[in-house]
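The sequence shown lines up with residues 3 to 344 when you count with our numbering.
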Amino acid sequence: MVTLSILDQSPIRRGGCAAEALANTIDLARHAERLGYARYWLAEHHNTTSFAGSAPEIMIAAVAGATSRIHVGSAGVMLPHYSSLKVAELFRILETLYPGRIDLGVGRAPGSDQRTMRALQPGPQAYGVEVFPQQVELLIQFLEDSNGLEGEAGGFPDAHPWRGIHATPRGPGMPELWMLGSGGDGAIHAATFGMRYCFAHFINQDAGTAPLDLYRANFKPSRHLSSPHGSIGVSVTVAETEEEARRIAAPRNLWVTQLLQNRAGPFPSIEEALAYRYTEEEKVMLRAVERRGIVGSPEQVRGRLLAMGEEYGVDDFVILTITYDQKDRIRSYELLAEAFAV
Numbered sequence: 003m004v005t006l007s008i009l010d011q012s013p014i015r016r017g018g019c020a021a022e023a024l025a026n027t028i029d030l031a032r033h034a035e036r037l038g039y040a041r042y043w044l045a046e047h048h049n050t051t052s053f054a055g056s057a058p059e060i061m062i063a064a065v066a067g068a069t070s071r072i073h074v075g076s077a078g079v080m081l082p083h084y085s086s087l088k089v090a091e092l093f094r095i096l097e098t099l100y101p102g103r104i105d106l107g108v109g110r111a112p113g114s115d116q117r118t119m120r121a122l123q124p125g126p127q128a129y130g131v132e133v134f135p136q137q138v139e140l141l142i143q144f145l146e147d148s149n150g151l152e153g154e155a156g157g158f159p160d161a162h163p164w165r166g167i168h169a170t171p172r173g174p175g176m177p178e179l180w181m182l183g184s185g186g187d188g189a190i191h192a193a194t195f196g197m198r199y200c201f202a203h204f205i206n207q208d209a210g211t212a213p214l215d216l217y218r219a220n221f222k223p224s225r226h227l228s229s230p231h232g233s234i235g236v237s238v239t240v241a242e243t244e245e246e247a248r249r250i251a252a253p254r255n256l257w258v259t260q261l262l263q264n265r266a267g268p269f270p271s272i273e274e275a276l277a278y279r280y281t282e283e284e285k286v287m288l289r290a291v292e293r294r295g296i297v298g299s300p301e302q303v304r305g306r307l308l309a310m311g312e313e314y315g316v317d318d319f320v321i322l323t324i325t326y327d328q329k330d331r332i333r334s335y336e337l338l339a340e341a342f343a344v
């Protein structure tokens with residue numbers, strides 16, 4: 003059985019604003035729950051005019067409060083920016099408020115440019131990427147301790163400097179743990195810590211099945227997951243016809259082409275995208291961008307997702323859809339849910 007979820011980056015459209023983008027996120031989440039989607043994930047981006055979602059933990063609270071059943075989570079918290087204890091406490095609060103509905107997806111990417119990454123660093127010395135596995139291990143230990151899995155003394159050895167420190171509020175329940183990645187490093191980390199793994203196909207299609215193959219081959223069971231669970235994040239645009247789907251996907255394709263040239267801003271309108279005169283060099287980029295996603299009628303998209311699932315060995319898809327008009331985005335998710343009878 004296919005599982006469909008949603009990744010929302012809270013895109014800002016040309017002529018719109020961040021407040022509109024965040025309101026659209028809440029609106030779409032309510033539709034997602036009605037349509038039967040399994041999860042609603044919020045992204046983290048910084049110093050950008052393209053996305054409004056810089057703090058997924060706040061948006062998780064807003065979305066979970068506006069819904070009643072759907073799982074809500076991060077895709078993800080960019081852990082190198084933060085202390086593991088602070089992230090554990092944020093998600094302990096969320097799990098306490100919305101028990102059994104919270105997903106904690108973590109990643110290593112900066113979610114920003116290099117200067118912004120330095121401005122985000124936690125104190126005078128940033129965490130290097132080489133300590134990311136230790137950050138993940140600490141995060142899991144703090145969460146397990148607060149869940150009572152390691153007893154009153156805490157989930158650390160006797161000589162550990164954090165022995166007896168607890169992520170509060172303590173109590174039952176754990177957020178569902180996910181590792182996000184677009185290559186082999188994230189896959190190995192997910193396998194090492196026995197976490198669920200979501201491969202960002204919409205970022206790195208060229209990696210093929212290798213990340214998920216690595217994940218499954220190296221997976222070690224954990225307290226929370228006895229066997230590997232892989233997922234794929236895919237860019238999808240659906241409309242009643244292929245022609246209409248390509249039309250409403252044009253703004254996103256132009257935006258990504260400009261992103262590759264460090265010229266990305268708010269998402270352009272359909273009219274602007276269709277009228278844009280691509281240079282020969284940009285046409286090459288555009289063709290590569292179009293190959294990253296799936297665009298078409300419900301039947302076409304369903305067929306391509308099923309074929310991708312067979313190739314990658316997964317039946318769990320996290321769908322990213324960006325359109326200029328909110329109504330087109332909602333309709334795309336509606337048609338996809340109907341195609342799979344979610």
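The beta-carbon is built from N, C-alpha and C at its ideal position, and this holds for glycine as well.
Asked: Beta strand (DSSP E) segment containing Tyr326, residue limits; Found: Neither: Tyr326 is in no beta strand (DSSP E) and is coded neither H nor E.
Asked: Cβ contact (3+ pairs, closer than 8 Å) linking the region 80-98 and the region 165-175; Found: yes
Asked: Near the ligand NAP: Leu288 beta-carbon under 6 Å from a heavy atom; Found: No copy of the ligand NAP appears in this structure; indeed no ligand is present at all.
Asked: Backbone CA spacing between Ile62 and Ile142 [nearest angstrom]; Found: 20 Å
Asked: Cβ pair count under 8 Å reaching 3, the region 37-57 against the region 283-301; Found: no
Asked: Cβ neighbours of Glu336 in the same chain (closer than 7 Å, five flanking residues each side left out); Found: Leu37
Asked: Inter-residue spacing [alpha-carbon to alpha-carbon] between Gly210 and His73; Found: 28 Å
Asked: Among Val236, Ser237, Tyr217 and Gly235, nearest to Ser229 - alpha-carbon criterion; Found: Tyr217
Asked: Sheet register partners of Gly232 (DSSP bridge); Found: Tyr199
Asked: Inter-residue Cα distance where the pair is Thr27 and Ala161; Found: 45 Å
Asked: Glu35 versus Ala339 - alpha carbon distance; Found: 11 Å
Asked: Beta-carbon spacing of Ile14, Ala54 below 7 Å; Found: yes
Asked: Buried/exposed call for Asp10, threshold 16 Cβ in 10 Å; Found: buried
Asked: Val291: first and last residue of the uninterrupted alpha helix (DSSP H) it sits in; Found: Glu282 to Arg294
Asked: According to DSSP, residues forming a beta bridge with Asp187; Found: Per DSSP, none; premise fails for Asp187.
Asked: Sufficient close CB pairs (3 or more, under 8 Å) joining the region 313-321 to the region 229-238; Found: yes
Asked: Contact under 7 Å by Cβ, His33 with Ile250; Found: no
Asked: DSSP state of Tyr314 mapped onto helix, strand, coil; Found: helix
Asked: Neighbourhood of Thr194 by C-beta, 8 Å cutoff - its chain only, sequence neighbours within 5 removed; Found: Pro135, Asn220 and Lys222
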